[in-house]
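K.L.:
In my numbering, the protein residues as written are 28 to 285.
Quick one: structure below, then a few questions.
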């Protein structure tokens with residue numbers, strides 16, 4: 028009996044060491060595989076085929092109508108990656124996309140965004156909107172490279188909002204100021220008629236990209252029922268991450284008023 032205890036302890040130590048070594052090797056292999064895939068996609072960029080996007084969307088119980096992308100900090104500078112995410116959303120059948128950063132970087136980069144959308148592989152017409160202090164929209168209409176002019180079916184019409192802090196909390200504050208002088212009975216529909224995204228469905232899914240996690244006052248009135256998800260950065264945001272988020276949203280119970 029005195030010998031068995033040290034033997035069992037030795038066997039336990041060896042088994043624990045081997046298990047830890049195996050897990051370490053698996054983790055290293057996974058990280059290496061992920062790195063190689065990223066390097067491959069960097070040197071050999073390939074777009075996700077539209078048929079793949081449509082097939083993946085068909086497996087979901089529900090697809091959002093309106094997607095919000097909140098860019099934290101320097102994430103708003105990654106226009107090419109944002110354009111890629113937009114093309115995925117279009118492939119899934121999402122018709123409204125709101126790009127938001129608090130400081131107006133996206134609005135300032137409007138020409139770059141328009142050029143990126145024009146080079147996108149989506150078969151879509153983009154209505155790109157940004158708003159001034161009076162909530163009047165500035166509109167540009169851009170067609171993607173893959174649009175089929177000889178097709179019998181009309182192309183998808185996608186609304187892309189470029190938003191900043193003044194369109195979120197600022198817009199809600201200005202709407203409240205206007206309504207306070209009218210003497211009318213305040214209703215939900217009356218408030219919504221003064222918002223920049225009036226006539227559009229509220230965002231179903233909002234992805235905040237960057238650190239720290241924060242909504243940054245993104246459309247406070249319109250996100251009452253939105254499902255929020257987090258991504259660390261656009262440079263590490265891959266199609267599998269986008270697909271996972273929409274799968275999670277699809278499994279969420281239908282909420283009141285949606």
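Idealized CB from N, CA, C, for every residue including glycine.
1. Please identify the residue among 265, 165, 102, 37 whose C-alpha is closest to the C-alpha of residue 115.
2. Just verifying my parser: in three-state terms, what is the DSSP assignment at residue 147?
3. Put residue 36 into one of helix, strand or coil per three-state DSSP.
4. Where residue 212 and residue 202 are concerned, what is the direct C-alpha to C-alpha distance, given to the nearest angstrom?
5. Check the DSSP bridge columns for residue 257 and list the partner residues they point to.
6. Output needed for residue 257: all residues of its chain with C-beta closer than 6 angstroms, excluding positions within five of it in sequence on either side, in chain order.
7. Residue range of the beta strand (DSSP E) that residue 75 falls in?
8. Roughly how many angstroms lie between the CA atoms of residue 150 and residue 185, to the nearest whole one?
9. List the whole-angstrom C-beta distance separating residue 131 from residue 191, where the pair is believed to meet the contact cut-off of C-beta under 8 angstroms.
10. Once DSSP output is grouped into helix, strand and coil, what is the label at residue 91?
11. Counting pairs of Cβ atoms below 8 angstroms between the stretch 76 to 89 and the stretch 29 to 45, do you hit three or more?
12. Would you mind working out which of 273, 222, 139 sits nearest residue 162, comparing C-alpha positions?
13. Once DSSP output is grouped into helix, strand and coil, what is the label at residue 113?
14. Can you give me the Cβ contacts of residue 113 inside the same chain, cut-off strictly under 6 angstroms, excluding the 5 residues immediately before and after it?
15. How is residue 45 classed by DSSP in three states: helix, strand or coil?
16. Taking the straight line between their C-alpha atoms, what separation do you get for residue 56 and residue 268?
17. Looking at C-alpha atoms only, which residue of 261, 278, 273 is the closest neighbour of residue 101?
18. Note the first and the last residue of the continuous alpha helix (DSSP H) segment covering residue 198.
19. Counting only the same chain and skipping the five closest in sequence on each side, list residues whose C-beta sits under 8 angstroms from that of residue 106.
20. What does DSSP give as the partner residue(s) for residue 183 in the beta ladder?
21. Rank 122, 119, 85, 126 by C-alpha distance to the C-alpha of residue 97 and give the top, closest one.
22. Could you spell out the range, first to last residue, of the beta strand (DSSP E) harbouring residue 310?
23. In terms of residues, what are the limits of the beta strand (DSSP E) holding residue 229?
24. Below 8 angstroms on the Cβ atoms is my guess for residue 250 versus residue 229; work out the distance and round it to an integer in Å.
25. Once DSSP output is grouped into helix, strand and coil, what is the label at residue 170?
26. Considering only the alpha carbon of each residue, which of 244, 110, 227, 182 lies closest to residue 196?
P.N.:
In short:
1. Of 265, 165, 102, 37, the smallest CA-CA separation from residue 115 is found for 265.
2. In the structure shown, residue 147 sits in coil (DSSP, three-state: anything other than H, G, I, E or B).
3. Looking at residue 36 - three-state DSSP - the assignment turns out to be helix.
4. Rounded to the nearest angstrom, the two C-alpha atoms are 14 angstroms apart.
5. Partner(s): 235.
6. For residue 257, where only same-chain residues beyond five positions count, the Cβ hits under 6 angstroms are 235, 240.
7. Run containing residue 75: none; DSSP gives neither H nor E here.
8. Straight-line measurement puts the Cα of residue 185 at about 10 angstroms from the Cα of residue 150.
9. Right, the Cβ-Cβ distance comes to about 4 angstroms (below 8 angstroms), so this counts as a contact.
10. Coil at residue 91, not helix or strand.
11. Two segments are said to touch when three or more pairs of C-beta atoms, one from each, lie closer than 8 angstroms; by this definition the stretch 76 to 89 does not touch the stretch 29 to 45.
12. It is 222.
13. DSSP places residue 113 in helix when its eight states are reduced to three.
14. The residues 124, in chain order, have a CB closer than 6 angstroms to that of residue 113 in the same chain once the five nearest residues on each side in sequence are set aside.
15. Helix, per DSSP.
16. Cα to Cα, residue 56 sits roughly 20 angstroms from residue 268.
17. When only C-alpha atoms are compared, the closest one is 261.
18. Where residue 198 is concerned, the enclosing alpha helix (DSSP H) stretches over 196 to 207.
19. For residue 106, same chain residues with a beta-carbon under 8 angstroms away, outside a window of 5 residues either side, are 136, 139, 140, 143 in chain order.
20. Looking at the DSSP assignment, residue 183 forms a beta bridge with 151.
21. Among 122, 119, 85, 126, the Cα nearest to that of residue 97 is on 126.
22. With the chain represented from 28 up to 285, any question about residue 310 goes unanswered, as that position is not in the structure.
23. In the DSSP annotation of this structure, residue 229 is not part of any beta strand (DSSP E), being labelled neither H nor E.
24. Their Cβ separation, rounded to whole angstroms, is 7 angstroms, which keeps residue 250 and residue 229 in contact under 8 angstroms.
25. Strand.
26. Residue nearest to residue 196 within the set 244, 110, 227, 182 is 244 (criterion: CA-CA distance).
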